[in-house]
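Take a look at the structure set out below.
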Amino acid sequence: MKNYLFTILFLSLLSISVTGCKDKAKEAETTEAEEVVEATQEAVKFTANLDSSSIAWTGFKPTGSHNGTINIKSGELNTVDGKLTSGTFLIDMSSITVLDIPADKEGNGKLVGHLTSPDFFDIEKYPNATFEITGLEEVEGKMMLSGNLALKDAKNNVTFPVSVSHDGNNVFLKSETFTIDRSKWNVKYGSKSFFDDLGDKFINDDIELTINVMATKA
């Protein structure tokens, strides 16, 4: 009887584990910062349309996840012969929103306050993050964008898949969903990479990001 009850309990827990898990996106290849590609004289400049550009994020913990957006504060993309060659973006870390908790609920404000506090992104000390393109190449049929991401007091080069298109007056850049390991940018709160006594109170290091940028000819 005990073995039967144990089997039922085990299968129940396994079912919850399988149905509750969400496959995370692939982590962006992360290396040391590289030399930034500078715009050439013949490059055509496109300025980021802030109303049509944003970054979607999702963070994970054992009991679930939270998601929201971050705004791009300014930015530009440069093309030569219709091909993206360089670009840079300033990211407004104070613009972090939470979408999975209703805006009028107390929990929304608490989470936003926590994310912007020194525990996480410390926006008073580090109000902006930056992304500067270092390369774009086709790998196994996918366009892979590389750039230096400066967040808090760290800078690393990340590479992730994107699609790039243009209609003459606008350039559209959209990434596939990818993850970054926040510990590589010294975002330490609840991270097993820095603390070994968290038990099940940890927060995953992986943060999923999806970048969507529209830029208009300057």
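In mature numbering (1 follows the signal peptide of the UniProt record, and there is no 0), the protein residues as written are -20 to -1, 1 to 198. C-beta: ideal position from N, C-alpha, C; glycine also. These figures come from a predicted structure and were not determined experimentally.
Reference residue i, options the options, closest by Cα
i	options	result
Thr114	Asn108, Gly93, Ser126, Glu120	Ser126
Thr10	Asn128, Thr59, Lys41	Asn128
Thr77	Gly62, His94, Lys63, Ala109	His94
Thr68	Lys168, Leu153, Thr157	Leu153
Cutoff 8 Å; reference residue i; Cβ partners in own chain excluding five residues on either side
i	result
Ala134	Lys164, Trp165, Asn166
Phe100	His94, Val167, Tyr169
Ser45	Lys2, Thr38, Gly39, Asp80
CB contact flag (residue i, residue j, <8 Å)
i	j	result
Ile183	Ser171	yes
Leu79	Gly55	no
Ile103	Met124	no
Ser33	Val193	yes
Asn47	Thr38	yes
Lys6	Phe158	yes
Val151	Val144	yes
Thr196	Thr27	yes
Spatial neighbours of residue i in its chain, beta-carbon cut-off 6 Å, leaving aside the 5 residues before and after
i	result
Phe191	Before going further, note that residue 191 is Ile rather than Phe in the sequence given. Once the five neighbours on either side are set aside, the close Cβ partners of Ile191 are Ile35, Ser155.
Arg162	Asp185, Ile187
Ala198	Lys25, Thr27
Lys122	Pro141
Terminal residues of the beta strand (DSSP E) in which residue i lies
i	result
Asn88	Segment 86 to 96 is the alpha helix (DSSP H) holding Asn88; no beta strand (DSSP E) there.
Leu79	No beta strand (DSSP E) contains Leu79, which DSSP labels as neither H nor E.
Leu125	122 to 131
Val167	Counting along the chain, Val167 falls outside any beta strand (DSSP E), and DSSP gives it neither H nor E.
Gly44	44 to 60
Neighbour-count burial assignment, residue i, 16 or more Cβ in a 10 Å radius
i	result
Gly87	exposed
Asn136	buried
Asn149	exposed
Pro141	buried
Val119	exposed
Ala83	exposed
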